[in-house]
Structure formats: C-alpha cells, structure tokens
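A.B. asks: According to this note's numbering, the sequence shown is numbered sequentially starting from 250. Cβ atoms here follow ideal geometry from the backbone N, Cα and C, with glycine treated the same way. Bear in mind that the values here come from a model prediction, so they are computed numbers and not experimental data.
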Amino acid sequence: MSRAELQVRKEQRVTRRLVCCFLLAWAVLALGQLLAQSTASLGVTVQVARRFRIEISTNQVSFTRSSSTGVPQTIPANEGRFDLTVKTNNDYSSSTSVWFQVSSDLVDSATGYSIPVEKISWQAQGSGFYSGQLSKSAPALVARFTGPGSFTGYLYFFFAEDPNMAPGAYRTTVTILVEGV
Numbered sequence: 250m251s252r253a254e255l256q257v258r259k260e261q262r263v264t265r266r267l268v269c270c271f272l273l274a275w276a277v278l279a280l281g282q283l284l285a286q287s288t289a290s291l292g293v294t295v296q297v298a299r300r301f302r303i304e305i306s307t308n309q310v311s312f313t314r315s316s317s318t319g320v321p322q323t324i325p326a327n328e329g330r331f332d333l334t335v336k337t338n339n340d341y342s343s344s345t346s347v348w349f350q351v352s353s354d355l356v357d358s359a360t361g362y363s364i365p366v367e368k369i370s371w372q373a374q375g376s377g378f379y380s381g382q383l384s385k386s387a388p389a390l391v392a393r394f395t396g397p398g399s400f401t402g403y404l405y406f407f408f409a410e411d412p413n414m415a416p417g418a419y420r421t422t423v424t425i426l427v428e429g430v
C-alpha cells in the first residue's frame, strides 16, 4: 500500500471515530432530554352558575286621578304597557319564577296617609305570565317558565281608586325577584 493510501485510510478511521463520537454524544443528549421530561394530568372543571337578567321598559309606574265621580274607579297606569323580559341560562328541566315583592303600603310622605298596596293590580299577556295584584304580606307571582331563553310579558297596571282617599302623592317600591329552581 502506498503512503497516500495509508493516509486516506487513517483519515477515514479518524472521520468514522468522529462521526461515532458525535452520534454517541447526540444519543446521550437526546436520552437525557427524554429522561428529564415528565408528564402529569390536569383535570379542568368549568362551573357555570345560573344567570338571570331582568329588562324593564320603565322604572316608574304612576296613576293620576283627575277628578272623582264619587264612585270607585279603576285607573290605568299613565305609562301604558309595562314590558318585562327575563333572560336566563337555566337548565332545560328547571323552572324560573318571577315575583313582585312590596314591603309597605303606598304612603304620602307629606301627610303620612297610606293606601293599601293591594289596590294595585295588573293584567298580563305573554306565555307563562300571570295577572295579579300587589301584596305586602307575600310576594306576588308574575311569571313562571321552564328552561333557558328570553321570556317577555306585557303587564297593564291598574289602580282601584276609592273616592274617600285623601289627596296626595303616594309611593312605594316594588322589587322584582327572579328565582331559578
């Protein structure tokens, strides 16, 4: 063998050794990365609470007695129709109830005179909506429906006027309660 051939073989051996060392080093690094990795499981829970949204067409209902005939009258609200919408994400099998809650009679703050809150009633239109009258002894059921969705009813309020009532500006506050079961 010539000197040139020996030199080529020597270089090939060195190259092979370098390639083997490189591959071995790469394998050790890759194995180290695999051994350094670890896995774990993460459970994810999302809890969505029931939500209700109340939308009303006005936040004031008023009645005006312009003159008394001496005979009890039923006076419609000045605002006309009251629109009540309840939006809910309730379960399909669960029901939602809407109530009017009043804690006091209608009171004239100037005189202290009062009118029973039961003198105010409403007629309802809309699926699941009920006619009724206000009561301070218990919440009055306004509507009941099942499942999620947007539910709208139209209420027409009336005041059962009595000619013996003293003049004044009588007020109370009605709270609209929404409850899901």
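So, under 8 angstroms CB-CB, GLU410 and ILE324 are touching, yes? Tell me the CB distance rounded to an integer number of Å.
C.D. replies: Reading the sequence shown from its first residue, position 161 is the one you call residue 410. Reading the sequence shown from its first residue, position 75 is the one you call residue 324. Their Cβ separation, rounded to whole angstroms, is 5 angstroms, which keeps GLU410 and ILE324 in contact under 8 angstroms.
A.B. asks: So which of PRO365, GLY402 and THR422 has the shortest CA-CA distance to GLY375?
C.D. replies: Numbered from its first residue, the sequence shown carries residue 375 at position 126. Considering only alpha carbons, the answer is GLY402.
A.B. asks: Go ahead and pull the three-state DSSP assignment for GLN296.
C.D. replies: What you label residue 296 is simply residue 47 of the sequence shown in a count that begins at 1. Of the three classes helix, strand and coil, the one that applies to GLN296 here is coil, per DSSP.
A.B. asks: Which residues share a DSSP beta bridge with GLY402?
C.D. replies: As a working note, residue 402 is residue 153 in the sequence shown. In the DSSP output, where bridge partners are listed per residue, GLY402 has LEU333.
A.B. asks: Helix, strand or coil for GLN261, going by three-state DSSP, please let me know.
C.D. replies: Within the sequence shown, the letter at position 12 stands for residue 261. GLN261: helix per DSSP, three-state reduction.
A.B. asks: Would the beta-carbon of THR421 fall within 9 angstroms of that of SER315?
C.D. replies: As a position in the sequence shown, residue 421 is number 172, starting the count at 1. As a position in the sequence shown, residue 315 is number 66, starting the count at 1. In this structure, SER315 does not lie closer than 9 angstroms to THR421 by Cβ.
A.B. asks: According to DSSP, simplified to helix, strand and coil, what is ARG314?
C.D. replies: Start at 1 with the first residue of the sequence shown, and residue 314 comes out as number 65. Here ARG314 sits in coil by DSSP.
A.B. asks: Contact between the segment 350 to 370 and the segment 299 to 309: three or more CB pairs below 8 angstroms?
C.D. replies: Segments in contact, no.
A.B. asks: Between PHE407, SER342, SER251 and LEU383, which has its C-alpha nearest VAL351's C-alpha?
C.D. replies: Within the sequence shown, residue 351 is the residue found at index 102, counting from 1. Minimum Cα distance to VAL351 is reached at LEU383.
A.B. asks: Would PHE378 and THR345 be called neighbours here (beta carbons separated by less than 9 angstroms)?
C.D. replies: If you number the sequence shown from 1, residue 378 lands on position 129. If you number the sequence shown from 1, residue 345 lands on position 96. It is not a contact, given that the beta carbons lie outside the stated cut-off.
A.B. asks: Can you find the residues in the same chain that come closer than 8 angstroms, C-beta to C-beta, to ALA326, ignoring five residues on each side of it along the sequence?
C.D. replies: Numbered from 1 along the sequence shown, position 77 holds the residue referred to as residue 326. Closer than 8 angstroms at the Cβ level, and outside the excluded window around ALA326, lie VAL310, SER311, PHE312, TYR405, PHE406, PHE407 and PHE408.
A.B. asks: How close, in whole Å, do the beta carbons of TYR362 and GLY417 come, if the pair is a contact with beta carbons under 8 angstroms?
C.D. replies: Sequence index remark: in the sequence shown, residue 362 carries index 113 (1-based). Sequence index remark: in the sequence shown, residue 417 carries index 168 (1-based). Yes, TYR362 and GLY417 are in contact; Cβ-Cβ is about 6 angstroms, under 8 angstroms.
A.B. asks: Could you check what DSSP says for VAL347 in three-state terms: helix, strand or coil?
C.D. replies: Residue mapping note: residue 347 aligns to position 98 of the sequence shown, counting from 1. Three-state result, VAL347: strand.
A.B. asks: Considering just the uninterrupted stretch of the beta strand (DSSP E) at LEU426, what are its terminal residues?
C.D. replies: Working through the sequence shown from its first residue, we reach residue 426 at position 177. It spans 423 to 429 - the beta strand (DSSP E) in which LEU426 sits, taken as one unbroken run.
A.B. asks: Look at the alpha carbon of LYS368 and the alpha carbon of VAL423, and state the distance between them as a whole number of angstroms.
C.D. replies: Stepping through the sequence shown from its first residue, residue 368 is reached at position 119. Stepping through the sequence shown from its first residue, residue 423 is reached at position 174. Each residue's Cα considered, the two are about 14 angstroms apart.
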